[in-house]
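Encoded as C-alpha cells, the structure appears first; notes follow it.
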Amino acid sequence: MSANRPSLQPPLAAGFARLGFGPLPLERLKSRYGNAAQGSRYVEIDGFNVHYRDEGSRDKPALLLIHGVVASLHTWDGWVQAFAPHYRIIRFDVPGFGLTGPARDGVYSVERMMHVLGQLLDYLQVGKADIAGNSLGGYIAWNFALAQPQRVGKLVLIDPAGYPMHKVPWMIAAAALPGATVAMPMWMPRALIAQGIKEVYGEPGRIKPGVVERYYDLSRRPGNRRGMMEIFRVLLKVNKEELHTTPERVALIKAPTLLMWGDRDRWISPKHVPHWQRDLPGVQVRVYPGVGHIPMEEIPEQSAADAMRFLLG
2 MSANRPSLQP
12 PLAAGFARLG
22 FGPLPLERLK
32 SRYGNAAQGS
42 RYVEIDGFNV
52 HYRDEGSRDK
62 PALLLIHGVV
72 ASLHTWDGWV
82 QAFAPHYRII
92 RFDVPGFGLT
102 GPARDGVYSV
112 ERMMHVLGQL
122 LDYLQVGKAD
132 IAGNSLGGYI
142 AWNFALAQPQ
152 RVGKLVLIDP
162 AGYPMHKVPW
172 MIAAAALPGA
182 TVAMPMWMPR
192 ALIAQGIKEV
202 YGEPGRIKPG
212 VVERYYDLSR
222 RPGNRRGMME
232 IFRVLLKVNK
242 EELHTTPERV
252 ALIKAPTLLM
262 WGDRDRWISP
272 KHVPHWQRDL
282 PGVQVRVYPG
292 VGHIPMEEIP
302 EQSAADAMRF
312 LLG
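And the structure:
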C-alpha cells in the first residue's frame, strides 16, 4: 500500500463499531465486569494481563474454577456463594477470553494455558488445589492434573473436552473458513452470540437477564474475537491430530474425579460419558436431564451441591 494512500481499515472498523459489531473500550468493560468492588484483580503472566478473583477464606482449601470457550469467570457466579464458607475460590478469565484478552504475540496452545494456570497459583501462593473445569476448562484441568499431579487434589470435570468430536460446534468449525480470522472479528452480531448461548443451554428459558449481554460485551473486548478464532483453529487441530491419545492419557489420572454432564449437551456429546467410565475406573458420574453444556451456569444450585458433596466427602 502506498504511503500516501489512507488506510480503509479504521473507517471500516469505526463503521462496524457504530453498528454495534466492533470492539468496546477496555476500560468501559473493566468498569462493568471487572472492577475492584466486584473483587476483580489483574496480574501480568506470560504476556497476558490476567483477570482473576480470589474469594472466600484464605485459611480454607483452594478451589480453582476454569471456564470454557467464549465464556469468562462470571459463568461460576452461581457457585461462589455455595462454596465460599468452605473454600478459597480462585477463578480467572482463560487467555483469549473475558477481560484477560488475547495473546500479544498471537500464540495459543493448551500448554501455554496450563502454564498461565500454574503461574497464577504460584503468584497466589497456592501449592495445591481442587479444580473444577468446564468444556475447554475441563480439558485444561485434567491435563494439568497429569502434568502436575502434586498440585491437584480432586477434579470436577463438567462436560469436558477430551475425546475426539465427530461433529464440531459450528462456532468453532467456522474458524477453518478462509478469512475467518479477519471477517469474524469485524462481523459478529449480538444475534449470533445469543444463538450460541441458546445452544449451550438445555432449556433457553433458564438464561438469566443480562447473560447474553455479558457474553456479547466481553466478545467485544479489543482483540478477543480474533483471539477466539485463533484458539478455535488450535482446537480444531488438537481434535484432528491429538485426541486419539485421550484413552491412554485419561487412564493415567490419579486425582479422584467427578464427571458432570448435561444430557442435552449439543456441543460435546453425552455419548462421551461411557468413554470416561471405561478409561477411568472409579470416576463418579452425574448426568442432568434436560440440561446443556454448562450445568454450573444453567442449574447452579444443584450442580454446586453435587460438586460440594464430592469435594467435601
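The sequence shown begins at 2 in my numbering and counts up one residue at a time.
No residue lacks a Cβ here, since even glycine has one placed at the ideal position from N, Cα and C.
Legend entry - Given 8 angstroms, three or more beta-carbon pairs between the segment 285 to 292 and the segment 170 to 180: Short answer: they don't touch.
* In the DSSP assignment, what residue or residues form a beta bridge with Asn50? -> Note: Asn50 sits in a beta bridge opposite Glu45.
What does DSSP give as the partner residue(s) for Leu193 in the beta ladder?
DSSP links Leu193 through a beta bridge to no other residue.
- Task: Measure the CB-CB distance between Ile1 and Ala142 and report whether it falls below 8 angstroms.
- Result: Given a span of 2 to 314 for the chain in the structure shown, any question on residue 1 remains unanswerable.
If you run the structure through DSSP and keep just helix, strand and coil, what is Met309? DSSP, reduced to helix, strand and coil, places Met309 within a helical segment of the structure shown.
Note to self: Can you tell me where the beta strand (DSSP E) holding Ala133 begins and where it ends?
What the structure shows: Its beta strand (DSSP E) spans residues Ala130 to Asn135.
Taking C-beta to C-beta, are Gly139 and Ala174 nearer than 8 angstroms?
For the pair Gly139 and Ala174, the CB atoms are not nearer than the 8 angstroms cut-off.
Can you find at least 3 beta carbon pairs, one from the segment 224 to 232 and one from the segment 92 to 105, that sit closer than 8 angstroms? Judged by Cβ distances under 8 angstroms, the segment 224 to 232 makes contact with the segment 92 to 105, as three or more pairs qualify.
*Bridge partners of Gly57, per DSSP?*
DSSP, once it has assigned bridges, lists Arg89 as partnering Gly57.
Residues that DSSP places opposite Gly287 in a beta bridge: The amino acid occupying residue 287 in the given sequence is Arg; Gly does not appear at that position. Answer by DSSP bridge pairing, in chain order: Met261.
- [ ] Give me the Cα-Cα distance between Ser58 and Leu259, rounded to the nearest whole angstrom.
- [x] Per the coordinates, the alpha-carbon of Ser58 lies some 24 angstroms from the alpha-carbon of Leu259.
Problem set entry | Other residues of its chain near Leu312: CB distance less than 6 angstroms, five sequence neighbours each side excluded | In its chain, beyond the 5 residues on either side, Asp131 and Lys155 have a beta carbon closer than 6 angstroms to the beta carbon of Leu312.
Using a Cβ distance threshold of 8 angstroms, determine whether the segment 209 to 228 contacts the segment 191 to 200, with at least three qualifying pairs required.
The answer is yes - the segment 191 to 200 touches the segment 209 to 228, with three or more Cβ pairs under 8 angstroms.
- Could you have a look at Leu253 and say whether DSSP puts it in helix, strand or coil? Leu253: coil per DSSP, three-state reduction.
Can you tell me whether Gln303 is helix, strand or coil according to DSSP? Three-state result, Gln303: helix.
First and last residue of the beta strand (DSSP E) that includes Ala63? Annotation: the continuous beta strand (DSSP E) that includes Ala63 extends over Ala63 to Ile67.
### Query
Looking only at its own chain, which residues have a Cβ that is under 6 angstroms from the Cβ of Gly69, when we skip the five neighbours before and after it?
Answer for Gly69: Asn135, Ser136, Leu137 and Gly138, listed in chain order.
task: Would you identify the three-state DSSP class for Gly154, choosing helix, strand or coil?
output: Here Gly154 sits in strand by DSSP.
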